[in-house]
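Everything below concerns the one structure shown next.
Protein chains in written order, with our numbering: chain S, 1 to 301; chain R, 1 to 301.
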């Protein structure tokens, strides 16, 4: 088992200036695993309710994602309703129904205990820590988190941060966590909490990777339209960790390539609602957009 | 005569979270010409009042900037008072005293009529147009403008836009001018108004160059502190046009290099109040930061 994702599986209802959807498949583990499946074998640990049917499992199966760790329990699947207006950089949550997610305790199947690469999607920090501790053979683990845990559970978050190699975090949350406005200083402060690599996601402005050896920025691919930003961060993580797991190379040069793949995959995610575009990709499209980002940033020394 | 700048010379009073200054030398023509002087010979057309003394002219002389086109007239020099708070991306104007700038009519000395490269700093669009029309031998002219003219004088602005090769504009103003939120669409729409090259400045997020052949993004250099963003846009323009004038090369590859020099010079401008840091540069520092931006963006294909 190479790459494991722990996180949410949800039904999302989303309104953007371009349209509206009702209860489509979403959640951090979904966006991450569908994306990473273009790079390597990926397994998911998550929880769903009785309303999560064969047709939903089929989406994962279509991408050869191992769902042995997806527990199906009595009750309804996690639901999220949100809206994007104006500059679409910020989701406005209209409704959250945690449902079966409220009592989620990740259970790692024995077959996954040799996992080398781990993505801890945005769940309760104490649960992230339990998962991290259960996996002794990791080469790299990456963590996502959010404002809610940064403000509400700083001690639990500090514990799990001390155990991971990589933190993927958005700009506003990096500032909140570090209490530093300047992103360079924010990343330096966060590194002292544990991660050797801090990737600050900046939405339409791309991402900045603060690695052990150097700093690297990658722009967002320029799209004609952003239809739905939901899941873009988890999709970035899927491209980033997918490439690291595929290559087994944690060098500075390869961390940079991984960040570019993160940006590439994020750009596909926002072209449609849900994971639709991510399911319909081809390896050629991924490589072509990688080259376009190269062309977008290249200049002669 | 190679590169000519037309714009304002001002005394700025600025408050930022890092400190406060009173009536220091500023204005678009000042930031532009001091910056461009590191690349090529530059001349300035502007107006100052009787309070503009020998010690102020000395700043230009120190950088071998030709001030034969700087008219000194009865009255007081243009004064601007502004403040930056919070994320420092936006100046809050506290006071504007146009003084002699109110009746500024740029006069081009005969010796400048063979000018090949022109920067039209942010002044009344009708005046920009007069200057543009007076110079028949231009290889490239670049225009800056602002929200005030976009909203208040759209017809005059359209006339001058139709005559220039390059527009340098910030993100918010590009959206206002094009009535498009998406920056790619905004640039495409602006290109139909005249300029072959549109450079959208995005402050701490860098800049995007929409050239005749390709799109290029350059990040902002990551600083530990931004002391004062005043003049960063004109400084970017000074590096950009300075490099183009120095090389005489308007190719796609060289427009990219010019944008990197713009970003490099902008990063120096914000390290101190006013033009202090820009006066104290060395060519080695400029080249070193150019290489650092290369390292910040390079990845293997």
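We put the beta carbon where it would ideally sit given N, CA and C, even for glycine.
Going by the beta-carbon positions, is the gap between residue 3 of chain R and residue 153 of chain R smaller than 8 Å? no
Would you say residue 63 of chain R reaches chain S, if we count a Cβ-Cβ gap shorter than 8 Å as a contact? no
Near-chain R residues of the segment 242-256 of chain S (beta-carbon distance less than 7 Å), N- to C-terminal order: 253 and 256
What residue ranges within the segment 189-272 of chain S form continuous beta strand (DSSP E) runs of no fewer than 3 residues, ordered along the chain? 197-201, 207-210 and 215-218
Considering only C-alpha positions, which residue in the set R:281, R:292 and R:121 is nearest to residue 260 of chain R? R:292
Which residues in chain R have a C-beta closer than 9 Å to the C-beta of residue 214 of chain S? List them in chain order. 295 and 296
Check whether the segment 204-223 of chain R and the segment 263-272 of chain R touch, using three or more Cβ-Cβ pairs below 8 Å as the test. yes
Which whole-angstrom value is the C-beta distance of residue 32 of chain S and residue 237 of chain S, which I expect to be below 8 Å? 6 Å
At least one CB of chain S closer than 8 Å to the CB of residue 301 of chain R: is that the case? yes
Against chain S, which members of the segment 258-290 of chain R pass a CB distance test of less than 9 Å? 259, 260 and 290
Mind checking if residue 228 of chain R is an interface residue toward chain S, Cβ cutoff 8 Å exclusive? no
Spell out whether any CB of chain S is found under 8 Å from the CB atom of residue 177 of chain R. no
Let me confirm a value: residue 179 of chain S is counted as buried when at least 16 other C-beta atoms fall within 10 Å, else exposed. Which label applies? exposed
Using a Cβ-Cβ distance under 8 Å, would residue 205 of chain S count as near chain R? yes
Please give me, in chain order, every unbroken run of the alpha helix (DSSP H) with length at least 4 that falls completely inside the segment 52-128 of chain S. 54-62
Neighbourhood of residue 147 of chain S by C-beta, 8 Å cutoff - its chain only, sequence neighbours within 5 removed: 172, 173 and 176
Considering Cα atoms alone, identify which of S:228, S:142 and S:23 is closest to residue 77 of chain S. S:23
Over what stretch of residues does the alpha helix (DSSP H) that includes residue 326 of chain S continue unbroken? Because chain S here runs from 1 to 301, residue 326 of chain S falls outside it and cannot be looked at.
Are the CB atoms of residue 119 of chain R and residue 258 of chain R within a distance shorter than 8 Å? no
Please name the residue, chosen from S:93, S:89, S:35 and S:97, that lies closest to residue 79 of chain S on a Cα-to-Cα basis. S:97
contact_flag[the segment 226-233 of chain R, the segment 200-208 of chain R] where n(CB pairs < 8 Å) is 3 or more: yes
Quickly, what does DSSP pair residue 12 of chain R with across the bridge? List them, please. R:24 and R:80
Kindly say whether residue 99 of chain R, judged by its beta-carbon, lies nearer than 8 Å to any beta-carbon of chain S. no
How would you label residue 117 of chain S, buried or exposed, when you count the other beta carbons within 10 angstroms and need 16 or more for buried? buried
Is it true that the CB of residue 131 of chain R sits closer than 8 Å to the CB of residue 168 of chain R? no
Using a Cβ cut-off of 8 Å, pull out every chain S residue sitting near residue 87 of chain R, in sequence order please. 181
Distance, Cα to Cα, residue 276 of chain S vs residue 44 of chain S? 19 Å
Assigned secondary structure, residue 34 of chain S (DSSP; H/G/I helix, E/B strand, else coil): helix
Could you round the C-beta distance between residue 279 of chain S and residue 20 of chain S to whole angstroms and report it? I think they count as a contact, below 8 Å. The pair is not a contact, with the Cβ atoms about 20 Å apart (cut-off 8 Å).
Are the C-beta atoms of residue 16 of chain R and some chain S residue less than 8 Å apart? no
Under 7 Å Cβ to Cβ from residue 30 of chain S, same chain only, skipping five residues before and after it: list those, please. 9 and 275
Can you tell which of R:159, R:49 and R:281 has its C-alpha closest to the C-alpha of residue 192 of chain R? R:159
On the DSSP bridge list, what partners appear for residue 5 of chain S? S:44 and S:119
Look at the alpha carbon of residue 243 of chain R and the alpha carbon of residue 137 of chain S, and state the distance between them as a whole number of angstroms. 53 Å
What separation, rounded to the nearest whole angstrom, lies between the Cα atoms of residue 134 of chain S and residue 181 of chain S? 35 Å
Any beta-carbon of chain S closer than 8 Å to the one on residue 157 of chain R? no
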